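Heads up: the structure comes next, in structure tokens.
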Amino acid sequence: MLIGLCGGICAGKSSIASYLIEEHNFTRIRLARTAQTPAVEKSASDVHVSSADASPVDQHHVFADVDDLLDFVTLRWKERWLTTDIWDDKVVDALLKRPFFLLVSVDAPVSVRWQRFADRCAQNHLTPPTLEDFVLRNDAHLFAPGTGLSAVCQRAQLKLLNSSTSISALRNATHSLNLTDEARLRPSWDQYFMQLADLAAHRSNCMKRRVGCVIVREKRVVSTGYNGTPRGMTNCNDGGCPRCNNAAKGGMGLNTCLCLHAEENALLEAGRDRIGGSATLYCNTCPCLTCSVKITQVGISEVVYNQGYMVDTMTAKIFEESGVQLRQFTPPTDGLVDLSLRVRASENVDVDDDVFVRPLR
1 MLIGLCGGIC AGKSSIASYL IEEHNFTRIR LARTAQTPAV EKSASDVHVS
51 SADASPVDQH HVFADVDDLL DFVTLRWKER WLTTDIWDDK VVDALLKRPF
101 FLLVSVDAPV SVRWQRFADR CAQNHLTPPT LEDFVLRNDA HLFAPGTGLS
151 AVCQRAQLKL LNSSTSISAL RNATHSLNLT DEARLRPSWD QYFMQLADLA
201 AHRSNCMKRR VGCVIVREKR VVSTGYNGTP RGMTNCNDGG CPRCNNAAKG
251 GMGLNTCLCL HAEENALLEA GRDRIGGSAT LYCNTCPCLT CSVKITQVGI
301 SEVVYNQGYM VDTMTAKIFE ESGVQLRQFT PPTDGLVDLS LRVRASENVD
351 VDDDVFVRPL R
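Here the UniProt record's numbering is used: position 108 in the sequence shown is 108, and no number is missing along the way.
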């Protein structure tokens, strides 16, 4: 496994790298920088300011170019490696070709990063740039046409927002992400089929909620479905279902809804004969009571869902009585993650939830 950490100056890359080295036995490897040192890494007198935790690296782990680095790691891909030397698109293009590479970006508010950089300057007995100068240098570093680091960061599979002032809080939040989960590199079967269900949900035309469903037998897709009005009717998002277009509350007026649910569409597409007795249904939302009855009737043996729903306790009772296994699967977190929220969650600080979506207990 190779983790690449990218981001602006003092975003927290080195702190996360230290955590991975100390807690998960990663080894840091370096890529020689051939470009000029960015102004944002310099003091007011244009002296380069080294990171306080810039640990020495074995010379055998320093590489002249990304191809040499890749050749080295490819032969040792089962070991744990990391680098913070993600300079440009050329480096990212090369690394992303490998199935063992995970790109993680780290960012923080510019005022927070300036204060961290000012502290770093003080540790090196140097005068920091003013906040205004730092902002201008930062903009040049991130957004310069063709060379700006921002475009590289946008390609990261996982984007971390690190506004914490505490190293221990940052470590706790990073720990909760489980960055070493192999499913981040190659999806498990559950993750793979749930992602297909999420993809199907993007075809939904229902004005109330996007839901996608995949029916699988022996790890082969039998059918997919998404919610919306029946074939031949006006799509829900074009006004085809009066109930969904009139802001009806969740669970209310369902007898007037014209939309087929994702599970219904997948079941109709497959038919009982193709489903057989050992099929699994993946849905990004726990099936409603009506769908659970139909799922039971066609012989589905297992239902896997991601998000809960307001009637899921009734659904669970139907499945328990009929012998259908029900379980929740939540894929590893990706996209943009605010680490401060994960710290609050670990400290049991309440965060408001959508009242219509809750996990099944």
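Think of the CB as a built atom: it goes at the ideal place given N, C-alpha and C, for glycine as much as any other residue.
Because the structure is a prediction, the values reported are computed rather than measured.
Expressed to the nearest angstrom, what Euclidean distance is found between the alpha-carbon atoms of residue i and residue j?
{"i": "I86", "j": "W189", "result": "31 Å"}
{"i": "L31", "j": "A64", "result": "6 Å"}
{"i": "L161", "j": "A17", "result": "15 Å"}
{"i": "V304", "j": "V337", "result": "24 Å"}
{"i": "N227", "j": "P287", "result": "12 Å"}
{"i": "R184", "j": "L102", "result": "7 Å"}
{"i": "R209", "j": "D273", "result": "30 Å"}
{"i": "S111", "j": "T130", "result": "11 Å"}
{"i": "S168", "j": "L341", "result": "15 Å"}
{"i": "D67", "j": "A94", "result": "8 Å"}
{"i": "N246", "j": "T234", "result": "16 Å"}
{"i": "R116", "j": "D139", "result": "17 Å"}
{"i": "G4", "j": "E22", "result": "17 Å"}
{"i": "I29", "j": "T330", "result": "32 Å"}
{"i": "Q297", "j": "L289", "result": "13 Å"}
{"i": "G8", "j": "C236", "result": "44 Å"}
{"i": "L2", "j": "Q328", "result": "30 Å"}
{"i": "V152", "j": "A270", "result": "42 Å"}
{"i": "R33", "j": "H60", "result": "16 Å"}
{"i": "D238", "j": "R80", "result": "51 Å"}
Buried or exposed for residue i, going by 16 or more other Cβ atoms inside 10 Å?
{"i": "F143", "result": "exposed"}
{"i": "D312", "result": "buried"}
{"i": "V73", "result": "buried"}
{"i": "Q325", "result": "exposed"}
{"i": "E264", "result": "buried"}
{"i": "C159", "result": "A small correction: the amino acid at residue 159 is Lys; Cys does not occupy that position in the sequence shown. Per the 10 Å Cβ criterion, buried."}
{"i": "A35", "result": "exposed"}
{"i": "V293", "result": "exposed"}
{"i": "D352", "result": "Low confidence applies here, because D352 scores a pLDDT of 38, under 50, leaving its location unreliable; read the following figure in that light. Looking at its Cβ environment, which holds fewer than 16 other Cβ atoms inside 10 Å, D352 is exposed."}
{"i": "K78", "result": "exposed"}
{"i": "A201", "result": "buried"}
{"i": "R98", "result": "exposed"}
{"i": "N178", "result": "exposed"}
{"i": "V47", "result": "exposed"}
{"i": "L149", "result": "buried"}
{"i": "G323", "result": "exposed"}
{"i": "V317", "result": "Just to set this straight, residue 317 is Lys in the shown sequence, not Val. Exposed is the call here."}
{"i": "T165", "result": "exposed"}
{"i": "S15", "result": "buried"}
{"i": "P128", "result": "buried"}
{"i": "M207", "result": "buried"}
{"i": "Q307", "result": "buried"}
Less than 7 Å separating the beta-carbons of residue i and residue j?
{"i": "R220", "j": "A279", "result": "no"}
{"i": "F134", "j": "L82", "result": "no"}
{"i": "G225", "j": "C213", "result": "yes"}
{"i": "A118", "j": "S163", "result": "no"}
{"i": "R113", "j": "C6", "result": "no"}
{"i": "V92", "j": "G12", "result": "no"}
{"i": "L281", "j": "I215", "result": "yes"}
{"i": "H141", "j": "P242", "result": "no"}
{"i": "V211", "j": "A262", "result": "yes"}
{"i": "Y19", "j": "T147", "result": "no"}
Hey, is residue i's beta-carbon within less than 7 Å of any beta-carbon in chain C?
{"i": "E41", "result": "In the structure shown, chain C does not exist; there is a single protein chain."}
Quick check on the DSSP output: the beta strand (DSSP E) that includes residue i runs from which residue to which?
{"i": "A279", "result": "A279 to T285"}
{"i": "C213", "result": "G212 to R217"}
{"i": "D338", "result": "G335 to D338"}
{"i": "Y19", "result": "Looking at the DSSP string, Y19 is not in any beta strand (DSSP E); the run it does join, the alpha helix (DSSP H), is K13 to H24."}
{"i": "G225", "result": "R220 to Y226"}
{"i": "R327", "result": "Q325 to Q328"}
{"i": "T147", "result": "Unbroken run through T147: none, as it is neither H nor E."}
Which first and last residues belong to the alpha helix (DSSP H) in which residue i is found?
{"i": "K317", "result": "D312 to S322"}
{"i": "S51", "result": "Unbroken run through S51: none, as it is neither H nor E."}
{"i": "T290", "result": "L289 to V298"}
{"i": "F72", "result": "V66 to T74"}
{"i": "I86", "result": "Unbroken run through I86: none, as it is neither H nor E."}
_Quick check: the region 183-200 against the region 219-238, are at least 3 beta-carbon pairs closer than 8 Å?_
yes
So does the region 110-126 actually touch the region 291-309, counting three or more Cβ pairs closer than 8 Å?
Because the criterion of three Cβ pairs below 8 Å is not met, the region 110-126 and the region 291-309 do not touch.
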